[in-house]
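Mind the numbering: the sequence shown is residues 169 to 627 in this note's numbering, read in order. Beta carbons: idealized from backbone N, C-alpha and C, even for Gly. Bear in mind the structure is a predicted one, so any value in this text is a computation, not a measurement. Shown next, in structure tokens, is the structure this report addresses.
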Amino acid sequence: MSETISPPSLWRDGRPVYDRGGTVCVIGAGASGLAAIKNLKEHGFGVDCYERETGVGGAWNWRHDRSPVYASTHLISSKPLTQYPDFPMPDTWPDYPHHSQLLSYLERYADHFDLRSHIWFGTEVVRVEPVEGGRWDVTTRGARGGAERTQRYAAVVVANGHNWWPKTPAYEGQEQFRGEVVHASAYSDPAQLRGRKVLVVGAGNTGCDLAVEAAQQAAKCWHSTRRGYWYTPKYVMGRPADQVNDLTLALRLPLRLRQWLFHRVLRMTVGDLSRFGLPRPDHKVYETHPIVNSQLIYYLGHGRITPVPDVARFTRTGVELTDGSTIDPDLVLLATGYLPRFEFLAPEILNLDADGRPRLHMHTFSRTHPTIAVAGLLQPDSGLFTLVHWQTVAIARWLRLRESDPQRAAAFWNAVASSPDRRWTQAKVKDSTRHWFEVGHTVYLRALQKTLDELEVAA
169 MSETISPPSL WRDGRPVYDR GGTVCVIGAG ASGLAAIKNL KEHGFGVDCY ERETGVGGAW
229 NWRHDRSPVY ASTHLISSKP LTQYPDFPMP DTWPDYPHHS QLLSYLERYA DHFDLRSHIW
289 FGTEVVRVEP VEGGRWDVTT RGARGGAERT QRYAAVVVAN GHNWWPKTPA YEGQEQFRGE
349 VVHASAYSDP AQLRGRKVLV VGAGNTGCDL AVEAAQQAAK CWHSTRRGYW YTPKYVMGRP
409 ADQVNDLTLA LRLPLRLRQW LFHRVLRMTV GDLSRFGLPR PDHKVYETHP IVNSQLIYYL
469 GHGRITPVPD VARFTRTGVE LTDGSTIDPD LVLLATGYLP RFEFLAPEIL NLDADGRPRL
529 HMHTFSRTHP TIAVAGLLQP DSGLFTLVHW QTVAIARWLR LRESDPQRAA AFWNAVASSP
589 DRRWTQAKVK DSTRHWFEVG HTVYLRALQK TLDELEVAA
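Have a look at this one:
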């Protein structure tokens, strides 16, 4: 970071504050933060980005302490539905790239658009506080300690990710269990499973991936699920499944017809999973986040994965399940997901409810503070990068409109402040932490397009 910072001319609670003028602060240099830097730059803003780690990539940089990536991680969305619209992935890459390719892609994106010069690496944000005039005091320190420094910004874009704080359930008797219990965030390599008796808890995409790895490496693998899910193969009719689904969306087929077609395809390709011992789904297709895994059924069919119900409690030597049966794993992997955390912000700024869920317009705009927004707080039925690109374009346009046309900006802000919460999906999805930020990518992109039109600044 080479930009000169002016000497302090402001003070807050006895500490100096360095005024950055019209510069925008971006928190995090993962996929969402990089898109925010790039699009704010293109709209004429100065940008300072703070990244606690020593490189770009966020969750996709496996070297980072908070990365949930493990050795075999690949995309579950295909390449065309994942990439940034203005920076395509190489044609020679596979349909579902490996995490190392994703990291190299983000590094090339940062270099191509000259984003690194705006990033303060190894710098952690510890407080973000509102001040008069819609501005923000951002206090930082070195990620490994050091003195704090406060700088004042015109606006803040939060892009710290939502897949790094483990959601860890507490079970009765767990403290006396003689085996090992770890969250999936601590899993990195199949060697951790080799020769062990493994229970994987959780039926999301990570849980299914880990069950498949345990089927290949462990002496025994149980897979515990609370409810039935729809398991989608990665390929349907010779094409990536999400591309086939995208075609039905492009044709604007009614939801019920799409659900009927999907059920037919699953019946022909996967069949009735209850015959493997999996519970029947208690919901229709598209009402939960898609599980994309072609290998789970293979290993179920070969007896390498034993499906079991939810965990009731731990004992000293094993685990008791909700059907009364017991198993004796020596390693329990909790693939139970993640929760969003914004420890540097007061809860009311993002309107956090009692469970810690932000209540934001389009999962982006605060309804109480017009100059702070969140990028990438989405769980789409496609890849994220395309959505976060247009999301950060909308944030940049909004900040620019506030300067160029206050009257139009006021009308937009009044609509945001009074807007009710809504689901950006066609189907009604399950109300669980896993689906807090669930969006259908076509529904959300249409809403973004409407917002972009409203925010367009006349040349």
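Check	Outcome
Kindly give me the distance between the Cβ atoms of V217 and W288, rounded to whole angstroms, as I take these residues to be in contact under 8 Å.	Per the sequence shown, the amino acid found at residue 217 is Cys instead of Val. Yes, they are in contact, since the Cβ atoms of C217 and W288 sit about 7 Å apart, within 8 Å.
From what residue to what residue does the beta strand (DSSP E) around Y643 run?	This structure cannot settle anything about residue 643, because the visible part of the chain is limited to 169 through 627.
State the Cα-Cα distance for the pair D254 and M436, rounded to the nearest angstrom.	37 Å
Identify, in the order they occur along the chain, each residue of the same chain with its Cβ nearer than 7 Å to the Cβ of L415, setting aside the five sequence neighbours on each side.	none
Put I473 into one of helix, strand or coil per three-state DSSP.	coil
Are the beta-carbon atoms of A543 and A327 separated by less than 8 Å?	yes
Using a 10 Å radius around the Cβ and a threshold of 16 neighbouring Cβ atoms, would you call L566 buried or exposed?	Note that residue 566 is Trp in the sequence shown, not Leu. W566 comes out buried.
Give a yes or no on contact between the region 397 to 414 and the region 248 to 262, applying the rule of three or more CB pairs nearer than 8 Å.	yes
Identify the residues that DSSP records as bridge partners of D319: which are they?	The amino acid occupying residue 319 in the given sequence is Gln; Asp does not appear at that position. Y186 and V306.
With a cut-off of 8 Å on the beta carbons, I'd call A628 and G375 a contact; round off their distance for me.	Residue 628 falls outside the range modelled here, since the chain spans only 169 to 627, and no answer is possible.
With H, G and I counted as helix, E and B as strand and the rest as coil, what does DSSP make of C376?	helix
Confirm, please, whether the CB-CB distance from Y273 to L243 is below 8 Å.	no
Express the C-alpha separation of Q427 and A595 in angstroms, rounding to a whole number.	10 Å
So does the region 447 to 467 actually touch the region 582 to 597, counting three or more Cβ pairs closer than 8 Å?	yes
Grouping DSSP H, G and I as helix and E and B as strand, with all else coil, what is I195?	strand
Which residue marks the beginning of the beta strand (DSSP E) containing H351, and which one marks its end?	E348 to H351
Quick test of the definition: if touching needs 3 or more C-beta pairs under 8 Å, does the region 550 to 570 touch the region 201 to 218?	yes
Cβ atoms of P477 and G396: under 8 Å apart, would you say?	no
Considering only C-alpha positions, which residue in the set T532, L468 and K206 is nearest to E381?	L468
Whose C-beta lies closer than 6 Å to the C-beta of W558 among residues of the same chain, with five residues either side of it excluded?	L616
According to DSSP, which residues form a beta bridge with Q607?	Gln is not the amino acid found at residue 607; the sequence shown has Val there. For V607, which the question treats as bridged, DSSP gives the partners P548 and W592.
Who are P298's beta bridge partners in DSSP?	W304
With DSSP run on the structure shown, which of helix, strand or coil describes S392?	strand
For the alpha helix (DSSP H) that contains Y277, what are its first and last residues?	H267 to H280
Using the Cα positions of V368 and S550, report the straight-line distance between them to the nearest angstrom.	25 Å
Tell whether a beta-carbon distance below 8 Å holds between T400 and P458.	yes
To the nearest angstrom, how far is the alpha carbon of N519 from that of I563?	18 Å
Could you give the distance in angstroms between the alpha-carbon of N461 and the alpha-carbon of P256?	25 Å
DSSP three-state label for I205, please.	helix
Is the region 521 to 532 in contact with the region 176 to 188, if contact means three or more CB pairs nearer than 8 Å?	no
Give the DSSP-derived three-state secondary structure of Y454 in the structure shown.	coil
Report buried or exposed for S170, applying the criterion of at least 16 other Cβ atoms within 10 angstroms of its Cβ.	Note that S170 scores a pLDDT of 44, beneath 50, so its modelled location is shaky and nothing firm can be said.
Between the alpha carbons of G370 and L507, how many angstroms are there, rounded?	15 Å
Helix or strand or just coil, what does DSSP make of P334?	strand
Are T532 and V324 touching if we call contact CB-CB under 8 Å?	no
Mapping the DSSP letters down to three states, classify R284 as helix, strand or coil.	helix
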